[in-house]
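Participant: Its first residue numbered 1, the sequence shown is counted upward by one per residue in my numbering. Glycine included, every Cβ here is placed at the ideal spot set by N, Cα and C. Quick caveat, the model's predicted, so the values are computed rather than measured. Attaching a single structure in C-alpha cells format; questions to follow.
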Amino acid sequence: MKTLEEFNVFLDQQLADELRSMEAQRVTGRNWMRRMWIVTLVPFAIFVFFLVRYSLQSSRDAAAGQATESGNPVFMIIGLVVLFSLGGYAISYFMMKQKGGNEAADYQHDFKNRIVKPLIRFIDPTFTYQPINHASYEEFTESGLFAKKGYGMTGNDQVYGKLGDMNFQCCDLTVTYTPTITVRGQAPDTVFRGSYFIGQFPRYFSTPVYILSRGSGMERLLSNAAADNDFIETWNLGKKVLPDDAAFNKLFMVYAPDAIEAQQLLTPALMGKIISLQERTSAKLYLSFFNNRVYIGIGHGMDYFETTLNKSLQDKKMLQNFYLDFTTVLQLAEDLKGNLPIWTSHAFSRS
Numbered sequence: 001m002k003t004l005e006e007f008n009v010f011l012d013q014q015l016a017d018e019l020r021s022m023e024a025q026r027v028t029g030r031n032w033m034r035r036m037w038i039v040t041l042v043p044f045a046i047f048v049f050f051l052v053r054y055s056l057q058s059s060r061d062a063a064a065g066q067a068t069e070s071g072n073p074v075f076m077i078i079g080l081v082v083l084f085s086l087g088g089y090a091i092s093y094f095m096m097k098q099k100g101g102n103e104a105a106d107y108q109h110d111f112k113n114r115i116v117k118p119l120i121r122f123i124d125p126t127f128t129y130q131p132i133n134h135a136s137y138e139e140f141t142e143s144g145l146f147a148k149k150g151y152g153m154t155g156n157d158q159v160y161g162k163l164g165d166m167n168f169q170c171c172d173l174t175v176t177y178t179p180t181i182t183v184r185g186q187a188p189d190t191v192f193r194g195s196y197f198i199g200q201f202p203r204y205f206s207t208p209v210y211i212l213s214r215g216s217g218m219e220r221l222l223s224n225a226a227a228d229n230d231f232i233e234t235w236n237l238g239k240k241v242l243p244d245d246a247a248f249n250k251l252f253m254v255y256a257p258d259a260i261e262a263q264q265l266l267t268p269a270l271m272g273k274i275i276s277l278q279e280r281t282s283a284k285l286y287l288s289f290f291n292n293r294v295y296i297g298i299g300h301g302m303d304y305f306e307t308t309l310n311k312s313l314q315d316k317k318m319l320q321n322f323y324l325d326f327t328t329v330l331q332l333a334e335d336l337k338g339n340l341p342i343w344t345s346h347a348f349s350r351s
C-alpha cells in the first residue's frame with residue numbers, strides 16, 4: 001500500500017495542474033452564483049418595495065376616506081407579478097449565457113472525473129469507481145450489527161475491487177429511519193452517516209465478533225452502553241468481551257457468542273490499528289466480523305467527494321483524509337488473513 005507521503009507527491013506533481021484548473025473553475029462558478037443571487041433578488045426586492053408602498057398608500061387613502069384612482073388593485077398586483085416575473089426570467093436567461101454558468105453547473109461532475117477517478121487509479125489501477133452507486137439495504141443489514149428496519153438508504157462514490165483474495169467495496173453511505181409515529185416537522189433519525197466498507201473472503205470467521213465505539217463522557221454517563229438504541233440491539237450480539245488491552249476497552253465495546261475465539265481475532269496489532277483509526281477520525285466506528293465478511297463503518301458524518309463551490313481545493317485535507325480512511329480499512333481487512341486460528345471453511349448461522 002502506498003504511503004501518505006507518496007500520495008502527497010502524487011497530488012503535488014501529477015494532479016497539481018488539474019487541481020489548479022478545478023480551483024479556477026470553482027472560483028469562476030462561485031462568483032457567477034453570487035451574481036446570480038444578486039440579479040435574482042433585486043427584482044424581487046423591487047417588487048416587494050412597490051407592493052408594500054402601494055398597500056400603505058391604499059391604507060392611508062382608505063383611512064382618509066378618499067377613493068383610489070389607481071384602478072382595481074387585484075389587476076395591478078397581477079400586473080406587477082407578471083412584469084417582475086418576466087423581468088426576473090429575462091435576467092436569469094441573460095446570466096446563464098455569461099461566463100461562469102457552465103463552470104458552476106459542471107463543477108461537481110468535473111471534480112469527480114478529473115480528480116477522484118485519477119486518485120482511485122493511483123491507489124490501484126484495477127479498482128473501479130462508481131460515482132452514483134452505494135451499498136444496498138441488504139449489504140448494510142447483513143452485517144448482523146444493525147436491526148432490520150425500514151431504513152432509507154442514500155449514498156454515492158463507491159469503489160470496488162480485489163486485494164489478494166479479498167473482494168471489497170467502499171462507499172459514502174447515509175442511513176435514516178422514519179418512525180411510524182412522528183411529530184410534525186420531525187426529521188428522520190440518522191442511523192449511520194459516513195464511509196462504509198465491506199470485505200469478502202473465501203473463508204469464514206469461526207465466530208461473529210462485533211466492535212462498537214463507546215460514546216462520549218456524557219453519553220457514558222447517561223448510558224453504560226452507547227450502542228443501546230433501537231438500531232443496534234446489543235443484547236442480540238452475544239456476550240461482552242474484555243480484551244487484555246485497557247486502552248482498547250476504554251474506547252470500544254466488544255460482543256461475541258464465543259469470548260475465547262473473539263480474543264483470538266483481537267490481536268494487539270488489530271486493536272492498535274482500530275485505536276489509531278478512532279483517534280485520527282474522532283468518529284464512531286462500527287465493525288462486524290460476520291461469516292466471510294468484515295464490515296467497517298466510520299461514522300464521521302461526511303460525504304467526502306460532494307464538494308461545493310464555496311470549498312477551496314487549495315486545502316487538500318479532504319483528499320488526504322479519504323486516502324487515509326480508505327487505505328487503513330483495506331490494510332486492516334487484509335491483515336486478517338494472517339491470523340489463521342480465526343478462520344474456518346464452514347459458515348455459521350446467527351441464532
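1) How big is the Cα-Cα spacing for L251 and Y129?
2) Out of curiosity, what's the CA-to-CA distance linking T307 and Q108?
3) Would you call S282 buried or exposed, if buried means 16 or more other Cβ atoms sit within 10 Å of its Cβ?
4) Reducing DSSP to helix, strand and coil, say where L365 ends up.
5) What are the start and end residues of the beta strand (DSSP E) that includes D335?
6) Roughly how many angstroms separate the alpha carbons of V254 and L41, rounded to a whole number?
7) For the alpha helix (DSSP H) that contains T141, what are its first and last residues?
8) So, helix, strand or coil for A391, using DSSP?
9) If the criterion is Cβ atoms closer than 9 angstroms, does the pair L145 and I198 meet it?
10) Residue range of the alpha helix (DSSP H) that G101 falls in?
11) How long is the line joining the alpha carbons of Q263 and P243, rounded to whole angstroms?
12) So the candidates are R203, R60, K162 and E142; which of them puts its Cα closest to the Cα of Y295?
13) Should T328 be labelled buried (16 or more other beta-carbon atoms within 10 Å of its own) or exposed?
14) Work out the CA separation of M22 and D315 for me, nearest whole Å.
15) Classify W32: buried if its beta carbon has 16 or more other beta carbons within 10 angstroms, exposed otherwise.
16) If you reduce the DSSP assignment to three classes, tell me which class R193 lands in.
17) According to DSSP, is T28 part of a helix, a strand, or is it coil?
18) Pick out whichever of H300, Y196, W343 and Q331 has its Cα sitting closest to the Cα of M318.
19) For A256, which of E5, N102, S195 and N291 has the nearest alpha-carbon?
20) My output table needs one value for K311: the three-state DSSP class, helix, strand or coil.
21) If you check the beta carbons only, do L270 and L332 fall under 9 angstroms apart?
22) Can you tell me which residues form a DSSP beta bridge with Q263?
23) Return the CA-CA distance between I260 and A347, expressed in angstroms with no decimal places.
24) Identify, in the order they occur along the chain, each residue of the same chain with its Cβ nearer than 6 angstroms to the Cβ of A147, setting aside the five sequence neighbours on each side.
25) Does the Cβ of G217 have 16 or more other Cβ atoms within 10 Å, making it buried, or fewer, making it exposed?
26) Quick check on the DSSP output: the beta strand (DSSP E) that includes L173 runs from which residue to which?
27) Which whole-angstrom value describes the C-beta separation of R26 and L309, a residue pair presumed to lie in contact below a C-beta threshold of 8 angstroms?
Facilitator: The short version:
1) Between L251 and Y129, the C-alpha separation is close to 33 angstroms.
2) T307 and Q108 have their C-alpha atoms some 7 angstroms from each other.
3) Exposed.
4) No answer is possible for residue 365: it lies beyond the span of the chain, which begins at 1 and ends at 351.
5) Looking at the DSSP string, D335 is not in any beta strand (DSSP E); the run it does join, the alpha helix (DSSP H), is K317 to D335.
6) Each residue's CA atom was taken as its position, placing V254 and L41 some 55 angstroms apart.
7) For T141, the enclosing alpha helix (DSSP H) has its first and last residue at Y137 to T141.
8) With the chain covering only 1 through 351, there is no way to say anything about residue 391.
9) Going by beta carbons, L145 and I198 fall outside the 9 angstroms limit.
10) G101 to F111 is the span of the alpha helix (DSSP H), which, as asked, contains G101.
11) About 6 angstroms.
12) Comparing Cα positions, the closest option is E142.
13) Counting Cβ neighbours within 10 Å, T328 comes out buried, since at least 16 surround it.
14) Cα to Cα, the separation comes out at about 13 angstroms.
15) Buried, by the Cβ-count rule.
16) R193 falls in the strand class under three-state DSSP.
17) Secondary structure at T28: helix, using DSSP grouped into helix, strand and coil.
18) Checked all of H300, Y196, W343 and Q331; the closest Cα to M318 is H300.
19) Comparing alpha-carbon positions, the option among E5, N102, S195 and N291 lying closest to A256 turns out to be N291.
20) Coil.
21) Yes, these two residues count as a Cβ contact at 9 angstroms.
22) Paired residue(s): none; Q263 is not in a bridge.
23) Those two C-alpha atoms are separated by around 18 angstroms.
24) Closer than 6 angstroms at the Cβ level, and outside the excluded window around A147, lie F231 and E233.
25) Because the pLDDT of G217 is 45, which lies under 50, any placement of that residue in the model is unreliable, and the number read from its coordinates should be weighed accordingly. By the neighbour-count rule (16 or more Cβ atoms within 10 Å), G217 is not buried but exposed.
26) Membership of L173 in the beta strand (DSSP E) is indicated by the continuous run M166 to Y177.
27) That pair is a contact at about 6 angstroms.
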